[in-house]
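Residue numbers (our numbering): 11 to 234.
Structure (structure tokens):
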């Protein structure tokens with residue numbers, strides 16, 4: 011979970027989020043190089059008094075400022091396409107979870123385990139021992155180090171099931187099933203929220219995922 015002085019991304023809880031953070035750093039490095047080069051060029055042009063008024067064409071410089079942006083876009087697009095492929099590739103998931111968005115709560119279905127289903131509402135804000143606007147009455151328990159397929163849909167308007175620390179954001183559209191995959195590589199509580207404006211209480215649709223070892227998950231499922 012992020013805190014108020016944190017200006018960076020949340021700590022990753024999945025291999026996908028680690029790759030997204032690496033991609034973010036890669037893009038930022040390229041952007042800093044571009045900003046530095048452009049700033050230096052502008053300063054040199056402003057301060058340079060040796061102007062060539064007879065310059066009519068420069069094929070070499072035109073070639074450079076055509077090839078350089080093309081190469082820059084290539085270095086940006088290559089890792090981006092790889093990440094898009096990894097996010098959409100879902101082969102042989104070990105389990106499937108379905109999240110159904112409502113105004114304004116979530117319903118979770120564990121269809122692989124005897125049709126376990128429950129609703130998840132935001133807890134009362136008057137309880138000072140819980141996180142304000144983030145905690146729920148029924149947490150979504152998922153096993154760590156397990157390849158999970160997440161299916162999201164909606165019964166009324168468009169919602170968005172988002173878990174920032176896992177790098178997952180799936181739109182829930184009425185009449186449509188959207189899916190994504192994730193693997194949680196550490197145990198703990200992961201917090202998220204609905205990321206699509208869905209009405210008056212849009213801000214009161216928190217998501218809490220509890221990542222636990224596989225043995226703990228099996229015991230929890232047997233009790234449910």
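We treat Cβ as the ideally placed atom computed from N, Cα and C, and that holds for glycine.
Remember, it's a predicted structure, so these values are computed and weren't measured experimentally.
Within the DSSP secondary-structure output, residue 190 pairs in a beta bridge with 160. Residue state for residue 123 is assigned as coil, using DSSP reduced to three classes. Annotated three-state conformation of residue 112 is strand, per DSSP. For the stretch 78-112, the full-length beta strand (DSSP E) segments reaching 3 residues or more read 105-112 along the chain. Distances from the CA of residue 34 to each of 225, 208, 87 and 107 were compared; the closest alpha carbon is that of 87. In the three-state DSSP reduction, residue 183 falls in the coil class, being neither helix nor strand.
In the three-state DSSP reduction, residue 167 falls in the coil class, being neither helix nor strand. Excluding sequence positions up to five before and after residue 114, its CB lies within less than 6 Å of the CB of 211, 214 and 215, all in the same chain and listed in chain order. When rounded, the separation of the alpha-carbon atoms in residue 119 and residue 102 is 19 Å. In the structure shown, the three-state DSSP call for residue 28 is helix. The stretch 34-50 and the stretch 184-201 do not touch, with fewer than 3 CB-CB distances between them shorter than 8 Å. A Cβ-Cβ separation of about 7 Å places residue 171 in contact with residue 217 under the 8 Å criterion. Nearest neighbour of residue 200 by Cα position, chosen from 234, 164 and 150, turns out to be 150. Shown here for residue 82: same chain residues with a beta carbon closer than 8 Å to its own, the five before and five after excluded, namely 40 and 44 in chain order. According to the DSSP assignment, residue 201 belongs to the beta strand (DSSP E) that extends over 198-204.
A residue is called buried once 16 or more other Cβ atoms fall within 10 Å of its Cβ, and residue 194 is buried on that count. Annotation for residue 131: 115, 146 and 147 place their beta carbon closer than 7 Å to its own, counting only its chain and skipping 5 residues before and after.
Bridge pairing for residue 150: 219 [DSSP].
Pairing residue 163 with residue 100, the inter-Cα distance amounts to about 18 Å.
Around the Cβ of residue 80, a 10 Å sphere holds fewer than 16 other Cβ atoms; the residue is exposed.
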